[in-house]
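Protein chains: 2
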Amino acid sequence: MSLLDVIFGKPLSNQADEKERVGPSSGIPIFGLDALGSAAYGPEAVLTALMVLGVLGIHYVVPLSGAIILLLGIVYFSYRQTIAAYPNGAGAYTVASENLGRFPGLLAAAALMIDYVLVAAVGIAAGVGAMVSAIPSWQPHTLLLCLLILVIITMVNLRGVRSAGLAFTLPTYVFVGTLLLTIGIGIAKTILSGGTPIPVDAPARLHPATELLGAWLLLRAFSSGCTAMTGVEAVSNGVSAFREPKVKSAQLTLSVIIGILMMLLAGIAFLCQAYHIGATVPGQPGFESVLSQLVAAVAGRGLFYYLTIGSVVLVLALQANTAFAGFPRLCHAISRDGYLPVVMAVRGRRLVYSQGIYALTIITALLLIAFSGITDRLIPLFAIGAFLSFTLSQAGMVAHWRRKRGPYFRHSMLINGLGALATAITLGVVIVSKFTEGAWITLLVVPILLTMMYKIRAHYDRVAQEIAHPAPLMVENLISPFAVVPIQQWSKVAQKTLRYALALSPDVIALHIDSGDSCDLPPRWRELVEDPARKADLPVPRLVVLKSPYRSIVRPILNFVLDLEARNPERPIAVVVPELVEKHWWQYFLHRQHGRFLSLLLIFKGNQRISIINVPWHLDAPPSNALHAIPKHEAESPQRVA
Amino acid sequence: MSLLDVIFGKPLSNQADEKERVGPSSGIPIFGLDALGSAAYGPEAVLTALMVLGVLGIHYVVPLSGAIILLLGIVYFSYRQTIAAYPNGAGAYTVASENLGRFPGLLAAAALMIDYVLVAAVGIAAGVGAMVSAIPSWQPHTLLLCLLILVIITMVNLRGVRSAGLAFTLPTYVFVGTLLLTIGIGIAKTILSGGTPIPVDAPARLHPATELLGAWLLLRAFSSGCTAMTGVEAVSNGVSAFREPKVKSAQLTLSVIIGILMMLLAGIAFLCQAYHIGATVPGQPGFESVLSQLVAAVAGRGLFYYLTIGSVVLVLALQANTAFAGFPRLCHAISRDGYLPVVMAVRGRRLVYSQGIYALTIITALLLIAFSGITDRLIPLFAIGAFLSFTLSQAGMVAHWRRKRGPYFRHSMLINGLGALATAITLGVVIVSKFTEGAWITLLVVPILLTMMYKIRAHYDRVAQEIAHPAPLMVENLISPFAVVPIQQWSKVAQKTLRYALALSPDVIALHIDSGDSCDLPPRWRELVEDPARKADLPVPRLVVLKSPYRSIVRPILNFVLDLEARNPERPIAVVVPELVEKHWWQYFLHRQHGRFLSLLLIFKGNQRISIINVPWHLDAPPSNALHAIPKHEAESPQRVA
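Line order of the protein sequences matches chains A and B. Going by the working numbering, the first residue of the first sequence is number 5, and it counts up by one from there. Going by the working numbering, the first residue of the second sequence is number 5, and it counts up by one from there.
As structure tokens, this is what we get:
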């Protein structure tokens, strides 16, 4: 068992694919972590935006959360229909491409890619935010903790999707259970106390108001809160990962996820108002997350508090896992259409699209570093991608029903149309209200991604056209190449290479570089090579000696080959390069790597008619095989080649 | 003019070598910086060792310096004779090898290599020490300044030896001039004041005594002071870099260097006693070098002070240049004998041995980092290498005269014998008195270096024996190889590769990897390839389809080739690998680099009978050349090959 196997698990064969599929119970953690985890930073984002209103701000949490829950309901019905209509998944990209055309499809793809990256970044950052709320002394190490968690998630995901779900099931259920319990107890206490419950552990004191209430401020708070809705599309993208019956399983999973999320959002909003809980300044000492304050206020800082915050940390950090399940699948789909590098479409050892996972890890890490791992700074970049893809997906579904005209198609069009309208309006609100705070970055990246995708496709199209060859093999004009053999001194290696060239071509040119050191090869050439070849009635290899006053070996050979090629436009050229292959790594440093360097240079500076033949000489190999001895009778019948 | 040219100068041809040679006036800075710069840290090292005696310690500077100057005189006469006897340089290594045998020679080589590295490290560290004496606020950045200077020296030296001398001449002469002037003024003031001169700027107060005077302490101070003698051998190593008459030029240069050095050591010792100047704690805030205190005491901290310290900084920092002139030459000499990697013997673009310069830079950097760039911590490692090579060199000269028996050979033997004896005793003193302080590191490195050198030579000997082939070309049993052609889909690239294989061998095997994706190549093989080949009376390429359940492409091909090789012990195998060559770097990421990966794997996992043929397909190349069209009449006469 290799080290790779231990870390990433054994490679899985194609037949193992079906077993890697999931049902609703493990589908909820895998595809729902994003949506559910949003409950931890959505309300927090609303309260952070309202912070400038001081105590007054808290009264607007409930109405704003109500608006978000309403929007969530609309989007839920929309996505239910999408799952049914597209049982093979890929969400907004597929829906928009098939129903609205190539450009809206790629626009949705770009939006989704951005969304996934931010899901990963925000999930990790918010998880670490919860962690440093419980352990304030870790606050200075926020970024380091973020990157550590990113590495762990990456490694878990490279093992494959089902083991990932298995590892994440427990924390998700603890998270949902403890939070719902907290909300239940909090509501009971509020009712029993006649609406003014006494907190067990007092929340942070609210800052005094520094701004006046205004519509603009409420819009910004609403936009921030819309991040609570991100991740709703994950199920519809991943339908193909569900066990049969795929559609039913996926719809059930979606319903459970949305139902829990609504309860969490409503409960948190209600209790924040009841307990007078507001946000603290993000990224500063003294920061404590809203959920941490809330649980402490309802239940105190006992075992239950640490169990809850522990699960919040895990779920938030592992929310990123949704992105790691979705992003590589999305890239795979785009890549299959030729708009992303072909490696994205290749499954790795463990049936996951490894390249997509690497790409997501790198971009997320850069994003976390750029924003110091602080959730609040990432929020403005976040909702745009999600809502742009929501809108395109719903709009695509409208076109889908219109084209299909099944029973009740007007009803279906209405539901998706409403979804498209609501999310489009929200998108507009988010762009305008968050533009200067960071939304411009997302808006800048979208056209860059689009341009890149179109360019990649154009490249593949051009290559495909260039190498396309529908006709059968052309058998005319087969011709053996010029064989060029660089030889610095006479040795078994030189002999082997020269014999190889003689077996390949009637025109063998040996090249010797004279860089000022004395060498007896040129004067002995006749005796060593020409005479034996002539005697055996073989074509006689010519020796060309090149002066190299600048002591370079490789460059003069390259120039000679390019010149020979230019002077013989009708002949291919094969450069036969002897290469010492070392047995131990340290031996590499004991030999000048001319062979390897020359091969690389010939490939990149050469052209269609120059090929490179590497004839290896393995050091310390049993010598008997080196000369290709063959039975006499075969050697006597010369083989026809050209 | 390329960027390389701008930074390192244009490449120089072999004929430019003579012009790069130096005379005495530029030889003094190049080969003397080490010896002269020692004046700045030798007395300092003595005083640092004496620091524990408080004010009493200062009285022992003059006698200890006297002993060191005496030793210097003995070594001077010894090396004068060496230069005359060996006008081609290479010093201790050559002398010990030729006269005492292989092992003493390599021992001297190891000692010299260590010495050079420490010359570079101590020179730079002491230079920065002088710098932070004048500008105390830079003291915390000691290591950074050291590394910066190392990079500058490396780049200057990669340009070649003469330009280096030109750039260093002025500071050396300013250094010698200002220091001699300081000493002259100081002596005059001392005499005029009747032996108790009043310092213009008072030196640092001496620490109270913490130890009692003892022979052991004086021995340690003497050992530290012996570092003032390092670098004396540089001239004799570099005789070949001098203009004709080489011997006279080199001897003159050596005499001037030693004469100045003696005056400096004597003058500094005298003034330290007269002005009551002691060392300060190295590496601590408040550190001020002895030379800085001395110049300030004699002349105050005016323009002259900064000019002097400026030249001290430059000379000390650039002392390392001696190592950069000597170390690569030494490595070249050892490498020519086969005891160091062959690249060390190769001259670079600017006629310098670039690899030696790189090696020296890396080791020096590691040493500076390990010892935080503080001179005093490096001193105990230092003198051993120098005195070991001194001893071996003098001892070798004794054997040389004995063998030669020229006129006055007894006289010559006596001089070199005295040198050998004196330096051998000093070496013993240094090893014993500095062992626990760091000398053990040097003593540990010597056997490691020796083992490495013997192992390298053994490797070269084995390879030379393995590939040696005194007989002329074997012309029997030339046989064309099996040609294995990996083909994933039918295209112009596939056709080109297949045609190449057909021109090469009558046994062509096409390999197709089936990793579960549908592909129409296997069903169409007959129509696309077999039928045309049969019709043209060509050997018919066989198609082998390999299943790859783990989606790997490269691994199954490798296994097939190794298996084919094992089953056909009498035939060589050529794997014809098509390779897409991208025109732009970004295109590299758009294609799976199977071809390149397969080639590498075949070379390293393959064996003597497996060769690799890279058939490039250059994207966006003019298509006309791709098929090697040839004039009709040539194509009609098939060419005999085997």
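Glycine included, each C-beta is placed from N, C-alpha and C at the ideal position.
Best match in Leu447(A), Gly330(A), Ala71(A) and Ser358(A) for proximity to Gly389(A) [C-alpha to C-alpha]: One-based indexing of the first sequence puts residue 389(A) at position 385. The residue with the shortest Cα to Cα distance from Gly389(A) is Leu447(A).
At least three beta-carbon pairs within less than 8 Å, the stretch 478 to 496 of chain B to the stretch 492 to 509 of chain A: yes
Does the CB of Lys496(B) have a neighbour CB from chain A at under 7 Å? Locating residue 496(B) in the second sequence gives position 492, counting from the first residue. It does: the Cβ of Lys496(B) has a partner Cβ on chain A nearer than 7 Å.
With 7 Å as the threshold, decide whether the Cβ of Asn661(A) is near any Cβ in chain B. Given that chain A is displayed from residue 5 to residue 646, the structure contains no residue 661(A) and the question cannot be resolved.
When Gly70(B), Glu574(B) and Cys230(B) are compared against Phe394(B), the one with the closest alpha-carbon: Residue mapping note: residue 394(B) aligns to position 390 of the second sequence, counting from 1. Checked all of Gly70(B), Glu574(B) and Cys230(B); the closest Cα to Phe394(B) is Cys230(B).
Does any C-beta atom of chain B lie closer than 7 Å to the C-beta of Arg407(A)? The count along the first sequence starts at 1 and reaches residue 407(A) at position 403. Not closer than 7 Å to any Cβ of chain B, the Cβ of Arg407(A) fails to qualify, so no.
Looking at chain B, is there any beta carbon in it that lies within less than 7 Å of the beta carbon of Gln499(A)? For the purposes of this step, residue 499(A) is taken as the residue at position 495 of the first sequence. Closer than 7 Å to some Cβ of chain B, the Cβ of Gln499(A) qualifies, so yes.
Would a check of beta-carbon distances place Val479(B) closer than 7 Å to chain D? This model lacks chain D altogether; the protein chains it does include are A and B.
Can you pull the chain B residues whose beta carbon is under 8 Å from the beta carbon of Pro201(A), in chain order? Against the first sequence, residue 201(A) aligns to sequence position 197. Result: empty, since nearest Cβ-Cβ is about 56 Å, beyond 8 Å.
If we require 4 or more residues per run, which alpha helix (DSSP H) segments fall completely within the stretch 114 to 202 of chain A? 146 to 162 and 165 to 196
Helix, strand or coil for Phe107(A) per DSSP? Mapped onto the first sequence, residue 107(A) falls at position 103. Helix.
Under 9 Å Cβ-Cβ, which residues of chain B neighbour Ile366(A)? Within the first sequence, residue 366(A) is the residue found at index 362, counting from 1. Going along chain B, no residue has its Cβ under 9 Å from Ile366(A), so there is no contact; the nearest lies around 13 Å.
Does any residue of chain A have a CB that is nearer than 7 Å to the CB of His516(B)? Taking the first residue of the second sequence as 1, we reach residue 516(B) at position 512. No, no contact with chain A.
Among the candidates Ala208(A), His211(A), Ile189(A) and Leu210(A), whose CA atom is the shortest distance from the CA of Pro201(A)? Position 197 of the first sequence, counted from the first residue, corresponds to residue 201(A). Ranking the options by Cα distance to Pro201(A), first place goes to Ile189(A).
Local Cβ density within 10 Å of Tyr357(A), reported as buried at 16 or more and exposed below that: Counted from its first residue, the first sequence places residue 357(A) at position 353. The residue is buried, with at least 16 neighbouring Cβ atoms inside 10 Å.
Which residues in chain A have a C-beta closer than 8 Å to the C-beta of His336(B)? List them in chain order. The sequence position of residue 336(B) within the second sequence is 332, counting from 1. Correct list: empty, because the minimum Cβ distance to chain A is about 13 Å.
Going along the chain, which residues of its own chain have a beta-carbon closer than 8 Å to the beta-carbon of Phe413(A), five neighbours each way excluded? The sequence position of residue 413(A) within the first sequence is 409, counting from 1. The residues are Trp405 and Arg406.
Using a Cβ-Cβ cut-off of 8 Å (strictly less than) and excluding sequence neighbours within five positions of Cys523(A), which residues of its own chain qualify? Locating residue 523(A) in the first sequence gives position 519, where the first residue counts as 1. Result list for Cys523(A): Gln492, Gln493 and His516, in chain order.
Beta-carbon gap between Val243(A) and Ile419(A) smaller than 7 Å: Counting from one through the first sequence, the residue named residue 243(A) turns up at place 239. Counting from one through the first sequence, the residue named residue 419(A) turns up at place 415. No, these two residues do not count as a Cβ contact at 7 Å.
Looking only at its own chain, which residues have a Cβ that is under 7 Å from the Cβ of Val10(B), when we skip the five neighbours before and after it? Counting from one through the second sequence, the residue named residue 10(B) turns up at place 6. Because the pLDDT at Val10(B) is just 49, under 50, the model does not fix this residue reliably, and the value given afterwards should be weighed accordingly. Taken in chain order, the list of residues that qualify is empty.
DSSP on Arg596(A), reduced to helix/strand/coil? Counted from its first residue, the first sequence places residue 596(A) at position 592. Reduced to three states, the DSSP call for Arg596(A) is coil.
Kindly indicate if chain A contains any beta-carbon less than 7 Å away from that of His598(B). Working through the second sequence from its first residue, we reach residue 598(B) at position 594. No, its Cβ sits nowhere closer than 7 Å to a Cβ of chain A.
Counted within 10 angstroms of its Cβ, other Cβ atoms place Ser227(A) as buried (16 or more) or exposed: Within the first sequence, the letter at position 223 stands for residue 227(A). So Ser227(A) counts as buried.
Cβ pair Ser484(B), Ala507(A) closer than 7 Å: Along the second sequence, read from residue 1 onward, the residue named residue 484(B) stands at position 480. Along the first sequence, read from residue 1 onward, the residue named residue 507(A) stands at position 503. A contact, by the Cβ cut-off of 7 Å.
What are the start and end residues of the beta strand (DSSP E) that includes Val56(B)? As a working mapping, residue 56(B) is identified with position 52 in the second sequence. Looking at the DSSP string, Val56(B) is not in any beta strand (DSSP E), and its letter there is neither H nor E.
Does the Cβ-Cβ distance between Gly41(A) and Leu320(A) come in under 7 Å? The count along the first sequence starts at 1 and reaches residue 41(A) at position 37. The count along the first sequence starts at 1 and reaches residue 320(A) at position 316. Cβ distance < 7 Å, so Gly41(A) and Leu320(A) count as in contact.
Output yes if chain B places a C-beta closer than 7 Å to the C-beta of Asn161(A); else output no. Translated into positions along the first sequence, residue 161(A) becomes position 157. No, Asn161(A) does not count as interfacial toward chain B.
Could you compute how far the alpha carbon of Glu569(B) sits from the alpha carbon of Cys150(B)? One-based indexing of the second sequence puts residue 569(B) at position 565. One-based indexing of the second sequence puts residue 150(B) at position 146. Spanning the two alpha carbons is a distance of roughly 56 Å.
Any beta carbon of chain B sitting closer than 7 Å to that of Pro476(A)? The sequence position of residue 476(A) within the first sequence is 472, counting from 1. By this cut-off, Pro476(A) is an interface position.
Using Cβ-Cβ distances below 8 Å, what residues of the stretch 527 to 540 of chain B are close to chain A? Glu531, Leu532, Val533, Asp535, Pro536, Ala537, Lys539 and Ala540
Quick check on this structure: which residue in Arg600(A), Gln323(A), Arg546(A) and Ile264(A) has the alpha carbon closest to the alpha carbon of Val558(A)? In the first sequence, residue 558(A) corresponds to position 554, counting from 1. Per the Cα distances, Arg600(A).
At a CB distance below 8 Å, what residues from the stretch 319 to 347 of chain B approach chain A? Give them in sequence order. Pro345, Val346 and Val347
Would you call the stretch 322 to 334 of chain A and the stretch 137 to 147 of chain A in contact, with 3 or more CB pairs under 8 Å? no
Sufficient close CB pairs (3 or more, under 8 Å) joining the stretch 330 to 342 of chain A to the stretch 39 to 55 of chain A: no
Counted within 10 angstroms of its Cβ, other Cβ atoms place Tyr279(B) as buried (16 or more) or exposed: One-based indexing of the second sequence puts residue 279(B) at position 275. Label assigned to Tyr279(B): buried.
What residues are listed by DSSP as bridge partners for Phe486(A)? Counted from its first residue, the first sequence places residue 486(A) at position 482. DSSP output for Phe486(A) lists Ile577(A) as bridge partner(s).
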